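K.L.:
Please find one structure pasted underneath; my questions will follow.
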Amino acid sequence: MSLTDFQNARPETAIVLGSGLGAVADAFGIECEVAYADVPGLSASTVPGHAGRFVLAQHHGKPILLAQGRRHLYEGLTAHEVTASIRFMHEIGVKRVVLTNAAGAIDENFHVGGLMLITDHLNLMGTTPLLGGPNFHDMSEVYSRAWCERFHAASVEMGLKLHAGVYAAVLGPQYETPAEIRMLRTLGADAVGMSTVPEAIQARALGMEVAGISMLTNWAAGLRAQTLHHAEVVEVGKTAGMYLARLLKAAV
Ligand code: HPA
């Protein structure tokens, strides 16, 4: 299938799959795929665990676009560059997007391997995709309350514990120090990660409805005796990704 066929399918809903969550696409049944490298303006991720392709699937009789893998600021890209996929989605008619990611748990009531619905964020990345113009967009409800309620209802029906909280986005790529995690907790963060926020800002600025879900792959630095490794983050994402797939299928 060519890029044009992909565009002609006109999916209205998209899901961005974060670190280690690429397999969630299999749960939706892959109809066809196109590599980011084949989309003008996009390029493949350099991060292990990020595939770098769009997948088209059918869900409840409608086309749905899944983005397997994303670009990050810590790869040395600008916020404008890492959000090219969101502008592409908007161009082909996507109206709502679920952004998923792997994150470190800061709230002690959470559990590793669990999921957190993002209710709001802290942009601590020092940049934004809207840089360069008078783009004074309202950000008082980045994550759609209506969509949050649907996710919550679906989790209750599934008997799945769905945490909810504030996602703090940091630049990375190094993990945080224990002192940084104490600071983030003081600032009101419940989880920490290195993605999602530029995409959420770009999507809202384009008028898209946004939802965000974090897979809690590890305790944030200093909360447990541990050393953080990317391979573990990807591994936990794989195992717990099945729950995420079920939740997405029920609530989207
Ligand atoms: N910190 C930042 N990003 C992350 C983490 C973390 O602990 N886990 C997964 N992504």
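Numbering (this note's numbering), first residue to last: 3 to 254.
Beta carbons are placed, not taken as given, at the ideal position from N, Cα and C, and that holds for glycine.
All values derive from a computational prediction rather than experimental measurement.
For Ala126 versus Val172, is the C-beta spacing smaller than 9 Å?
P.N.:
Within the sequence shown, residue 126 is the residue found at index 124, counting from 1. Within the sequence shown, residue 172 is the residue found at index 170, counting from 1. Checking the displayed sequence, the identity of residue 126 turns out to be Leu instead of Ala. Yes, Cβ-Cβ distance for Leu126 and Val172 is below 9 Å.
K.L.:
With the cut-off set at 9 Å, would you say Ala202 and Ile108 are in Cβ contact?
P.N.:
In the sequence shown, residue 202 corresponds to position 200, counting from 1. In the sequence shown, residue 108 corresponds to position 106, counting from 1. Result no, Cβ atoms of Ala202 and Ile108 do not sit closer than 9 Å.
K.L.:
Taking its Cβ as the centre, do 16 or more other Cβ atoms sit within 10 Å of Phe90, making it buried, or is it exposed?
P.N.:
Here residue 90 refers to the residue found at position 88 when the sequence shown is read from its first residue. Looking at its Cβ environment, which holds 16 or more other Cβ atoms inside 10 Å, Phe90 is buried.
K.L.:
Taking only three categories from DSSP, how would you classify Phe90?
P.N.:
Indexing the sequence shown from 1 puts residue 90 at position 88. Residue state, collapsed to three classes: helix.
K.L.:
Looking at Ala233 and ligand 1, is the gap between the Cβ and the nearest heavy atom below 8 Å?
P.N.:
For this step, residue 233 is matched to residue 231 along the sequence shown. No, the beta carbon of Ala233 sits no closer than 8 Å to any heavy atom of ligand 1.
K.L.:
For Pro65, report the span of its beta strand (DSSP E) as first-last.
P.N.:
Position 63 of the sequence shown, counting from 1, holds the residue named residue 65. From DSSP, the beta strand (DSSP E) with Pro65 extends over Lys64 to Gln70.
K.L.:
Tell me which residues share the same chain as Thr85 and place their Cβ nearer than 7 Å to its Cβ, disregarding the 5 neighbours each side in the sequence.
P.N.:
Reading the sequence shown from its first residue, position 83 is the one you call residue 85. Cβ within range, chain order: Pro131, Pro200, Glu201 and Gln204.
K.L.:
Return the chain-ordered ranges of every beta strand (DSSP E) run that is complete within the stretch 177-217 and spans a minimum of 3 residues.
P.N.:
Segments of the beta strand (DSSP E) lying fully in the stretch 177-217: 193-195.
K.L.:
Between the Cα of Ala213 and the Cα atoms of Leu225, Thr198 and Ala223, which residue gives the shortest distance?
P.N.:
Looking up residue 213 in the sequence shown gives position 211. Answer by Cα proximity: Thr198.
K.L.:
Who are the Cβ neighbours of Val168 in its own chain at under 8 Å, not counting the five residues just before and after it?
P.N.:
Taking the sequence shown and counting its residues from 1, the one referred to as residue 168 is at position 166. Counting only Cβ-Cβ distances below 8 Å, and skipping sequence neighbours, we find Ile120, Thr121, Asp122, His123, Leu124, Gly190, Ala191, Asp192 and Ala193.
K.L.:
Let me know the secondary structure DSSP gives Val18 once reduced to three states.
P.N.:
Taking the sequence shown and counting its residues from 1, one reaches residue 18 at position 16. Looking at Val18 - three-state DSSP - the assignment turns out to be strand.
K.L.:
Would you tell me roughly how many angstroms separate the C-alpha atoms of Leu218 and Leu250, rounded to the nearest one?
P.N.:
On the sequence shown, residue 218 is found 216 positions in, with the first residue counted as 1. On the sequence shown, residue 250 is found 248 positions in, with the first residue counted as 1. When rounded, the distance between both Cα atoms is 16 Å.
K.L.:
Spell out the partners DSSP gives Ala170 in its beta bridges.
P.N.:
Position 168 of the sequence shown, counted from the first residue, corresponds to residue 170. DSSP output for Ala170 lists Leu124 and Val194 as bridge partner(s).
K.L.:
What does DSSP give as the partner residues of Gln9 in its beta bridges?
P.N.:
The sequence position of residue 9 within the sequence shown is 7, counting from 1. Partner(s): none; Gln9 has no beta bridge.
K.L.:
Counting pairs of beta carbons, one from the stretch 55-67 and one from the stretch 12-21, are three or more of them closer than 8 Å?
P.N.:
Yes, they touch.
K.L.:
Can you tell which of Ile17, His231 and Ala207 has its C-alpha closest to the C-alpha of Asn137?
P.N.:
Within the sequence shown, the letter at position 135 stands for residue 137. If we check each option's Cα against that of Asn137, Ala207 comes out closest.
K.L.:
Going by DSSP, what residue range makes up the alpha helix (DSSP H) through Ala247?
P.N.:
If you number the sequence shown from 1, residue 247 lands on position 245. First-last of the alpha helix (DSSP H) with Ala247: His232 to Ala253.
K.L.:
Which class does Ala25 belong to by DSSP, given the choice of helix, strand or coil?
P.N.:
For this step, residue 25 is matched to residue 23 along the sequence shown. If DSSP states are grouped into helix, strand and coil, Ala25 belongs with coil.
K.L.:
Buried or exposed: Gly43, going by 16 or more other Cβ atoms within 10 Å of its Cβ?
P.N.:
Locating residue 43 in the sequence shown gives position 41, where the first residue counts as 1. Exposed is the call here.
K.L.:
Residues in its own chain within less than 7 Å of Ile32 by CB, not counting five upstream and five downstream?
P.N.:
Position 30 of the sequence shown holds residue 32. Same-chain partners within the cutoff: Val57 and Ala59.
K.L.:
Going by C-alpha to C-alpha distance, which of Val254, Pro180, Met210 and Met185 sits closest to Ala223?
P.N.:
On the sequence shown, residue 223 is found 221 positions in, with the first residue counted as 1. Of the candidates Val254, Pro180, Met210 and Met185, the one whose C-alpha sits nearest the C-alpha of Ala223 is Pro180.
K.L.:
For Ala39, collect the residues of the same chain with a Cβ closer than 8 Å to its Cβ; drop the 5 residues on either side in sequence, then sort them by chain order.
P.N.:
Position 37 of the sequence shown holds residue 39. Closer than 8 Å at Cβ, skipping near neighbours: Ser45, Ala46 and Gly54.
K.L.:
Whole angstroms are fine: how far does the CA of Ser142 sit from the CA of Leu133?
P.N.:
For the purposes of this step, residue 133 is identified with residue 131 of the sequence shown, where counting begins at 1. For the purposes of this step, residue 142 is identified with residue 140 of the sequence shown, where counting begins at 1. Each residue's alpha carbon lies about 18 Å from the other.
K.L.:
Check His61 in the structure and name its three-state DSSP category.
P.N.:
Within the sequence shown, residue 61 is the residue found at index 59, counting from 1. In the structure shown, His61 sits in a strand (DSSP, three-state: E or B).
K.L.:
For Val114, collect the residues of the same chain with a Cβ closer than 8 Å to its Cβ; drop the 5 residues on either side in sequence, then sort them by chain order.
P.N.:
Taking the sequence shown and counting its residues from 1, the one referred to as residue 114 is at position 112. Taken in chain order, the residues that qualify are Ala107, Leu218, Thr219, Asn220, Trp221 and Val238.
K.L.:
What is the DSSP secondary structure of Phe56, reduced to helix, strand or coil?
P.N.:
Taking the sequence shown and counting its residues from 1, the one referred to as residue 56 is at position 54. Phe56: strand per DSSP, three-state reduction.
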